[in-house]
Amino acid sequence: MLTFTSRRLAFAIPTLLFISFVIFMLLELAPGDPMSQLPLTVPPDVRDRMREALGLGEPTHIRFGKWLWQFFVVEPLHMIDAAFGTGFAAEQQRVISWQTRSPVMDIVLQRLPQTLWVVGLSYVVGVLIALPIGIYSAYRQYSLFDQLGTFISMVGFSVPTFFTGILLIVIFSVKLGWFPSIYDTTLVVNSWDSFVQQLRQMVMPVSVLALYNAAQISRFMRASMLDNLHQDYVRTARAKGLTERTVVLVHVLRNSMIPVVTVIALGVPQVFGGAIITEQVFKVNGLGQLLITSIQANDLPMVQTLTFIFALLIVVFNVIADVLYGLLDPRIRYD
Amino acid sequence: MACLIPASAMIDRSTDPAPIPPSSQWDDLWHQFAAHRGALVGAILFAIIVLTVFMGPYFWTLDPSYIDIRARNAGPTFAHPFGTDQLGRDTFARMMAGGRVSLSVGIAAMVLGLVIGAAVGVTAGYFRRLDGILMRLTDLFLALPLLPLLLVMVMLFREPLSANFGPEAGIFILIVAAIGLTSWMPTARIVRGDVLALKEREFMLAARSIGTSNVQMILRHILPNVLSPIMVSATLGIANAIITESALSFLGLGFPPDFPTWGRLLFDATDYIQQNPERVIWPGVAISLTVLSVNYLGDGLRDALDPRIRGR
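One line per chain: the protein sequences are A and B, in this order.
Position one of the first sequence corresponds to residue 1 (UniProt numbering), numbered consecutively onward.
Position one of the second sequence corresponds to residue 1 (UniProt numbering), numbered consecutively onward.
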């Protein structure tokens, strides 16, 4: 198991390097220049010095190396300092946003809780809805419930989240006035009323994302259950006289969860990416909204860092999914 | 194959008083496809949408950019069945114009993704030496964060391309290229798997033994046999491309503001959600129905083309 895990981890490092290189080179081609807003009266030699101060004067490969150093060494050190009050990072230069002139990671950490609450909760809700639906529609294949479930999940992943979101706003905010259409991130939960208000503003974004996730995961669950339901060991279990409940919920479910667990793990980074749209619909100022605004403001360090964080999530969850698969299914491990 | 049948046999069959209709492969496919009711409905719906969007302007001759400021923000009437927008432009005409762009983007991006995916898949499956490196490349591409990267690509290349090809053609090329370049990986994987299995079959050995060149092997023996997974990914590719394009337009990083696409119309309508909520519904329903019908079409095609499921 250890060699299996370490092999997976070893492959993750070149992947990460490749991705950071792609992102870096893409932004290298950017026509945007932070100096373009300066008044024309600034003399050219001062302009050049300012470019150097932003770290733009050096050749590409050196800046790539410096960026990697800043991202993988300096930023974690700063986080350790902030958490334990130590002084490892001391005076080292951090990645600075061109827009706000403050460290990029500080802004990211400010925005992270909003995204985590909305996205994380919606994923949990989605999985909790999807699993029972998938199990039951596989158990009663071709029944009315199954047909209906298939149709709803087809609709669920065909209708884009920006339309479901707006549809919910039209119905529940404009017509009925039940829920606020804008997510208020300045709300502080300190009383029962503010807690209720927080719940009310979370209902719509969470249910939009949960519906979308549930549609996909329930299909996987159903397919995986169907693969196992007709296996010999199921017949054996029934022949032993086990109750139907034990056969389905213990024997079959356990085996069918193996691929589903990895699918759930693989889906996490995609949910973060997809939440960009939902955050925009409900005006949640999370990571996705931060990405959009920094793209519009041509804030390259911020865009670079955020894109890389999304990539990091994908790679990390790929490794987690692989390791989980190995843990759950010994046949994979001894490959 | 037809030339092997003696001429007399063909005459015999045609003069037979009660001919049993010959069942060709395509007939079987069609029967299987038609038995899948969702797929049939999906195909018909998709055809209707495509026809309306491309032929509609010949019958509904209102110019989508004609401004009639006195008729602004109108609800559905006989003159404007879908109502008008804040400048009095006819929403129905704009929906058709937007649909033309959205569908063209979807189809063009799908074709690009399919060509790249099929090329990579066939090369990786057929040439053992290239397999490792091409599949690692596919894995790396799969690990890229696609939506953020698409946004970044649009941000970076919008202006140079608009300057070279004009604002509309430039963005069209950019979005098609961006979606195509980020959606070929699943096709490549599926095609590679099928090619690997095909390579072990006897007819490949036979073809090789009579000295068929690699190019001929791929064109004549491999490509026709991997056509079914390619067709299925084609339908899923259209759905994916339409959703991605609408998402980009919805985030304000797609086509220019006065240029209608379904995503753009939806985005523009959200500002008037209080006064005219139905303006949001039209483009949203159009996107959803198109994607839904294409997905059902793909489902039916998969069932019809998979011989293991066929006849069940």
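Even glycine gets a Cβ: it sits at the ideal position worked out from N, Cα and C.
Contacts that residue i makes with chain C (C-beta to C-beta distance below 8 Å)
{"i": "S153 (chain A)", "result": "The displayed structure is made up of protein chains A and B, and chain C is not among them."}
Euclidean distance between Cα positions of residue i and residue j
{"i": "Y123 (chain A)", "j": "P160 (chain B)", "result": "39 Å"}
{"i": "L103 (chain B)", "j": "A119 (chain B)", "result": "24 Å"}
{"i": "residue 318 (chain B)", "j": "M79 (chain A)", "result": "Missing from the structure shown is residue 318 (chain B); chain B here goes from 1 to 312 and no further."}
{"i": "T41 (chain A)", "j": "R47 (chain A)", "result": "10 Å"}
{"i": "G117 (chain B)", "j": "T91 (chain B)", "result": "37 Å"}
{"i": "L266 (chain B)", "j": "Q280 (chain A)", "result": "13 Å"}
{"i": "I182 (chain A)", "j": "F172 (chain A)", "result": "12 Å"}
{"i": "L291 (chain A)", "j": "I179 (chain B)", "result": "19 Å"}
{"i": "C3 (chain B)", "j": "S24 (chain B)", "result": "The pLDDT assigned to C3 (chain B) is 44, lower than 50, so where the model puts this residue is not dependable, and the model offers no usable value."}
{"i": "T61 (chain B)", "j": "R264 (chain B)", "result": "22 Å"}
{"i": "V319 (chain A)", "j": "G273 (chain A)", "result": "18 Å"}
{"i": "P284 (chain B)", "j": "F163 (chain A)", "result": "It should be pointed out that residue 284 (chain B) corresponds to Gly in this sequence rather than to Pro. Approximately 6 Å, taken between the alpha carbons."}
{"i": "G252 (chain B)", "j": "F317 (chain A)", "result": "30 Å"}
{"i": "I23 (chain A)", "j": "S6 (chain A)", "result": "26 Å"}
{"i": "L313 (chain A)", "j": "I295 (chain A)", "result": "20 Å"}
{"i": "A7 (chain B)", "j": "A207 (chain B)", "result": "Because the pLDDT of A7 (chain B) is 46, which lies under 50, any placement of that residue in the model is unreliable, and the question is left without a value."}
{"i": "A124 (chain B)", "j": "A169 (chain B)", "result": "34 Å"}
{"i": "S102 (chain A)", "j": "F64 (chain A)", "result": "21 Å"}
{"i": "P160 (chain A)", "j": "M231 (chain B)", "result": "23 Å"}
{"i": "I242 (chain B)", "j": "L287 (chain A)", "result": "25 Å"}
{"i": "N214 (chain B)", "j": "V203 (chain A)", "result": "58 Å"}
{"i": "T293 (chain A)", "j": "W67 (chain A)", "result": "22 Å"}
{"i": "M55 (chain B)", "j": "R94 (chain B)", "result": "14 Å"}
{"i": "I173 (chain B)", "j": "M96 (chain B)", "result": "21 Å"}
{"i": "Q70 (chain A)", "j": "E28 (chain A)", "result": "17 Å"}
Spatially closest choice to residue i from the options, by CA coordinates
{"i": "G156 (chain A)", "options": "B:A304, B:L305, B:Y296 and B:G300", "result": "B:Y296"}
{"i": "T100 (chain A)", "options": "A:D299, A:F195, A:P43 and A:Q201", "result": "A:D299"}
{"i": "M221 (chain A)", "options": "A:V206, A:A237, A:V261 and A:Y233", "result": "A:V261"}
{"i": "I238 (chain B)", "options": "B:G300, B:F157, B:V111 and B:F250", "result": "B:V111"}
{"i": "Q231 (chain A)", "options": "A:L211, A:Y212 and A:V252", "result": "A:V252"}
{"i": "W98 (chain A)", "options": "A:L328, A:H61 and A:V303", "result": "A:V303"}
{"i": "Q216 (chain A)", "options": "A:S194, A:S158, A:Q197 and A:V170", "result": "A:S158"}
{"i": "A143 (chain B)", "options": "A:F308, A:I277 and A:P43", "result": "A:F308"}
{"i": "P64 (chain B)", "options": "B:P167, B:G125 and B:T261", "result": "B:T261"}
{"i": "L134 (chain B)", "options": "B:L146, B:G121 and B:R70", "result": "B:G121"}
{"i": "I276 (chain A)", "options": "B:L29, B:A163 and B:L150", "result": "B:L150"}
{"i": "T235 (chain B)", "options": "B:T187, B:A247, B:D268 and B:R192", "result": "B:T187"}
{"i": "residue 351 (chain A)", "options": "A:L327, A:L287, A:W117 and A:P103", "result": "This structure cannot settle anything about residue 351 (chain A), because the visible part of chain A is limited to 1 through 335."}
{"i": "A12 (chain A)", "options": "B:R136, B:I173, B:A97 and B:G193", "result": "B:R136"}
{"i": "A286 (chain B)", "options": "B:I67, B:G98 and B:D299", "result": "B:G98"}
{"i": "Q289 (chain A)", "options": "A:N190, A:R140, A:L249 and A:T185", "result": "A:T185"}
{"i": "A53 (chain A)", "options": "A:L77, A:Q93, A:S218 and A:L306", "result": "A:Q93"}
{"i": "A311 (chain A)", "options": "A:L9, A:L2, A:L17 and A:R8", "result": "A:L17"}
Listed by chain order, chain B residues near residue i by CB distance under 8 Å
{"i": "F72 (chain A)", "result": "Under the 8 Å cutoff, chain B gives no residues; its nearest Cβ is about 17 Å from F72 (chain A)."}
{"i": "Q280 (chain A)", "result": "F250 and L251"}
{"i": "T3 (chain A)", "result": "Simply none; closest approach about 20 Å."}
{"i": "I295 (chain A)", "result": "L151, V152, M155 and L253"}
Beta-carbon neighbours of residue i, restricted to chain A and to distances below 8 Å
{"i": "M110 (chain B)", "result": "Here the premise fails: no neighbours, minimum Cβ distance about 16 Å."}
{"i": "P76 (chain B)", "result": "Under the 8 Å cutoff, chain A gives no residues; its nearest Cβ is about 16 Å from P76 (chain B)."}
{"i": "A247 (chain B)", "result": "P160, F162 and I277"}
Proximal residues of chain B, C-beta to C-beta of residue i below 7 Å
{"i": "F18 (chain A)", "result": "L140"}
{"i": "T262 (chain A)", "result": "None at all; the shortest Cβ gap to chain B is about 14 Å."}
Integer Cβ distance of residue i from residue j, believed to fall under 8 Å
{"i": "P301 (chain A)", "j": "I19 (chain A)", "result": "Actually they do not touch by this definition, with Cβ atoms about 17 Å apart."}
{"i": "A130 (chain A)", "j": "L226 (chain A)", "result": "Incorrect: roughly 15 Å between the Cβ atoms, too far for contact."}
{"i": "V53 (chain B)", "j": "R100 (chain B)", "result": "5 Å"}
{"i": "L289 (chain B)", "j": "F33 (chain B)", "result": "Not a contact, Cβ separation roughly 20 Å."}
{"i": "S256 (chain A)", "j": "N228 (chain A)", "result": "5 Å"}
{"i": "V105 (chain B)", "j": "I175 (chain B)", "result": "6 Å"}
{"i": "V294 (chain B)", "j": "G42 (chain B)", "result": "7 Å"}
9 Å Cβ cut-off: residues of chain B touching residue i
{"i": "G273 (chain A)", "result": "P145, L146, L147 and P148"}
{"i": "A311 (chain A)", "result": "A143, L144, P145, P148 and L149"}
{"i": "I292 (chain A)", "result": "L151, L251, G252 and L253"}
Where residue i meets chain A, residues with beta-carbon distance less than 7 Å
{"i": "P277 (chain B)", "result": "V170 and V174"}
{"i": "residue 316 (chain B)", "result": "Because residue 316 (chain B) is not part of the residues shown, which for chain B are 1 to 312, the question remains open."}
Contacts of residue i in chain A (Cβ-Cβ under 9 Å)
{"i": "M153 (chain B)", "result": "L26"}
{"i": "N295 (chain B)", "result": "M154, F157 and S158"}
{"i": "Q274 (chain B)", "result": "V174"}
{"i": "V280 (chain B)", "result": "F163, I166, L167, I169 and V170"}
Interfacial residues, the stretch 133 to 159 of chain A to chain B, with Cβ spacing under 7 Å: M154, V155, S158 and V159
Residues, ordered as in the chain, of the stretch 190 to 218 of chain A that lie near chain B by beta-carbon distance below 9 Å: none
Positions along the stretch 298 to 324 of chain A whose CB lies within less than 8 Å of some CB in chain B: N298, V303, L306, T307, F310, A311, L313, I314, V315 and N318
Interfacial residues, the stretch 94 to 126 of chain A to chain B, with Cβ spacing under 9 Å: none
Contacting positions in the stretch 37 to 51 of chain B - beta carbon closer than 7 Å to chain A: none
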